[in-house]
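J.: Handing you a structure now.
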Ligand code: PRP
């Protein structure tokens, strides 16, 4: 792809995000690379699901920007639904405790389900949700994740579609938050230590 085309993304440059950009130590994955990767994932999914109508399922809230872009990068008919899980403390989560706060509105029995996640960290959330969905007898169940943190993985889950491996650091943007902010950054960046240290001191 030519340099000109690469630069012609719809997003503002990082510095346009003012106070949010000031909290970023460095950009790890620029917006245009993310866009290109999402388009490639959409192409792959469109080929694999040709002649079918997969149901894309996302977990609120971090998945929203990725889901919106992925949906428009898929050229076969798709349907979409969302789940929400309660936020537990890191300690409770490490024990595999996940509580469903919002269930699906569509039945999945006999459906080709593609589970879409913004990030997989320990794998505990996904593991719990996949186990729950399997009991409902989908025709198939695959996983598509944009960002994969390999380091702290407690549970190994086969990922059919993967965007990027990311380091085990506090990364934000593209749906990933710190205290609910930074989700609207179109790139993925490393949060400055002073941002989360200041938060701890508050
Ligand atoms: C993130 C992400 C996954 C989960 C992954 O959600 O969207 O659902 O964490 O972590 P795990 O692999 O360690 O289980 P988060 O709880 O941050 O909520 P959010 O989507 O509302 O930001």
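Numbering (this note's numbering), first residue to last: 10 to 211. Ideal placement from N, C-alpha and C gives every residue a C-beta, glycine not left out.
With DSSP run on the structure shown, which of helix, strand or coil describes residue 93?
T.: Strand, per DSSP.
J.: Am I right that residue 90 and residue 47 are in contact with their C-beta atoms under 8 Å? What's the rounded C-beta distance?
T.: Rounded, the Cβ-Cβ distance is 20 Å, inconsistent with contact.
J.: As an exercise, report each continuous beta strand (DSSP E) stretch of at least 3 residues that is fully enclosed by the segment 124-158, in chain order.
T.: Correct list: 149-158.
J.: Residue 26: which of 206, 202, 203 and 192 sits nearest, CA to CA?
T.: Residue 192 is the option with its Cα nearest to residue 26.
J.: Suppose the cutoff is 6 Å on Cβ atoms and the five residues either side in sequence are ignored; what does the same chain contact list for residue 171 look like?
T.: Once the five neighbours on either side are set aside, the close Cβ partners of residue 171 are 154 and 157.
J.: Do residue 119 and residue 83 count as a contact pair if the criterion is CB distance below 8 Å?
T.: No, they are not a contact pair.
J.: Kindly indicate which three-state DSSP category residue 108 falls into: helix, strand or coil?
T.: Coil at residue 108, not helix or strand.
J.: In whole angstroms, what separates the C-alpha of residue 94 from that of residue 31?
T.: Whole-angstrom Cα-Cα distance: 31 Å.
J.: From the DSSP output, in three-state form, read off residue 198 for me.
T.: Here residue 198 sits in strand by DSSP.
J.: When DSSP labels each residue in this structure, what does residue 160 get in the three-state scheme?
T.: Coil.
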